[in-house]
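Student:
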Amino acid sequence: HVERVIRGTTFPAGRVLAGLSAGGFGAVYIALRHPGLFGAVESWSGYFHPLRDGPFKHDTNAQLRANDPRLLLRNARGMRFFLSTGPGHGRVTPAKTISFARLLRARRLPYRLELLACKRGAWGRQLVEGLRWAFGSGG
Numbered sequence: 251h252v253e254r255v256i257r258g259t260t261f262p263a264g265r266v267l268a269g270l271s272a273g274g275f276g277a278v279y280i281a282l283r284h285p286g287l288f289g290a291v292e293s294w295s296g297y298f299h300p301l302r303d304g305p306f307k308h309d310t311n312a313q314l315r316a317n318d319p320r321l322l323l324r325n326a327r328g329m330r331f332f333l334s335t336g337p338g339h340g341r342v343t344p345a346k347t348i349s350f351a352r353l354l355r356a357r358r359l360p361y362r363l364e365l366l367a368c369k370r371g372a373w374g375r376q377l378v379e380g381l382r383w384a385f386g387s388g389g
């Protein structure tokens, strides 16, 4: 439907899904739940496992595992990833982003990891770097 309303691409390689913080989790989760729909996914200061809140608040451990992007990476063939993180916020830490990047590397999935040293302006820098990466001018 979107391609009819907004002239876009029908090819996964031309589609990028991105999000910030919880939206970063959502972007990765949605992309992995719909293999072949997105060619690239970006998580800016996101996390990579379902937190027991929001839609997962009352889920069992088995349901949480079934919705865990770390365990859904089997669906990532043909997808590339942009991960970025600042100093962290709440339960979202750079160490968790680095850990997810290691999983991508172990599965030989293409990714770019941006670690931003300071919090001030971090999200704006992540947006700029992510857009450059998505549209081919940032590696």
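Okay, so the sequence shown: first residue is 251 according to the numbering used here, each after it adds one. Backbone N, C-alpha and C define an ideal beta-carbon position, used for all residues, glycine too.
If I'm right that residue 264 touches residue 289 with Cβ under 8 Å, what's the distance once you round it to whole angstroms?
Tutor: Rounded, the Cβ-Cβ distance is 7 Å, consistent with contact.
Student: Compute the distance between the beta-carbons of residue 332 and residue 383, then report whether it is under 8 Å.
Tutor: A contact, by the Cβ cut-off of 8 Å.
Student: DSSP three-state label for residue 288, please.
Tutor: It is coil, neither helix nor strand.
Student: Helix, strand or coil: how does DSSP classify residue 281 here?
Tutor: In this structure, residue 281 counts as helix in the three-state DSSP scheme.
Student: Can you look up residue 390 in the DSSP assignment and give me helix, strand or coil?
Tutor: The structure shown does not extend to residue 390, since the chain is modelled only from 251 to 389, so the question has no answer here.
Student: Between the C-alpha atoms of residue 310 and residue 317, what's the straight-line distance to the nearest angstrom?
Tutor: Looking at the two C-alpha atoms, the distance is approximately 11 Å.
Student: Do you know offhand how far residue 251's Cα is from residue 282's?
Tutor: Summary for residue 251: the model assigns pLDDT 47, below 50, so the residue's position carries little reliability; its value from the coordinates is reported in the next sentence. Cα to Cα, residue 251 sits roughly 20 Å from residue 282.
Student: Can you tell which of 330, 358 and 339 has its C-alpha closest to the C-alpha of residue 386?
Tutor: The shortest C-alpha separation from residue 386 is found at 330.
Student: Roughly how many angstroms lie between the CA atoms of residue 338 and residue 295, to the nearest whole one?
Tutor: Taking the straight line from one Cα to the other gives about 7 Å.
Student: List the endpoints of the continuous beta strand (DSSP E) containing residue 268.
Tutor: Counting along the chain, the beta strand (DSSP E) containing residue 268 begins and ends at 266-270.
Student: Reducing DSSP to helix, strand and coil, say where residue 301 ends up.
Tutor: Coil, per DSSP.
Student: Measure the Cβ-Cβ separation of residue 299 and residue 320 and say whether it is below 8 Å.
Tutor: Yes, the pair counts as a contact, with Cβ atoms nearer than the cut-off.
Student: Excluding the 5 residues flanking residue 374 on each side, which residues of the same chain have their C-beta closer than 6 Å to its C-beta?
Tutor: Taken in chain order, the list of residues that qualify is empty.
Student: Using a 10 Å radius around the Cβ and a threshold of 16 neighbouring Cβ atoms, would you call residue 256 buried or exposed?
Tutor: Its pLDDT being 49, under 50, residue 256 is placed unreliably by the model, and nothing is read from it.
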